[in-house]
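S.K.:
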């Protein structure tokens, strides 16, 4: 709602329906970007954790997909 109001107030859109459609696109895009940042951050934390365990001398540092092949 606030995004649509901003688009209307700024004069970018004069039609309320168009403003709401565009605002919905903007909000979806922002959510997708936040989701990607969160996934990237979780990945970095996992890598940092694995590096720390390896640095401390652990032979097995909970590396995903390592030695999980079944014959």
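Numbering (this note's numbering), first residue to last: 15 to 85. Using N, Cα and C, we set each Cβ at its ideal position, and we do this for glycine too.
Look at the alpha carbon of residue 43 and the alpha carbon of residue 50, and state the distance between them as a whole number of angstroms.
M.R.: Taking the chain shown and counting its residues from 1, the one referred to as residue 43 is at position 29. Taking the chain shown and counting its residues from 1, the one referred to as residue 50 is at position 36. Computed Cα separation, rounded: 11 Å.
S.K.: Could you check whether residue 40 and residue 17 sit closer than 8 Å to each other, using their CB atoms as the reference points?
M.R.: For this step, residue 17 is matched to residue 3 along the chain shown. For this step, residue 40 is matched to residue 26 along the chain shown. Yes; because the gap between Cβ atoms is below 8 Å, this pair is in contact.
S.K.: Can you give me the Cβ contacts of residue 21 inside the same chain, cut-off strictly under 8 Å, excluding the 5 residues immediately before and after it?
M.R.: For this step, residue 21 is matched to residue 7 along the chain shown. Closer than 8 Å at Cβ, skipping near neighbours: 27, 33, 36, 37.
S.K.: What are the boundary residues of the alpha helix (DSSP H) that residue 26 is part of?
M.R.: Sequence index remark: in the chain shown, residue 26 carries index 12 (1-based). Premise fails: residue 26 is in no alpha helix (DSSP H) and is neither H nor E.
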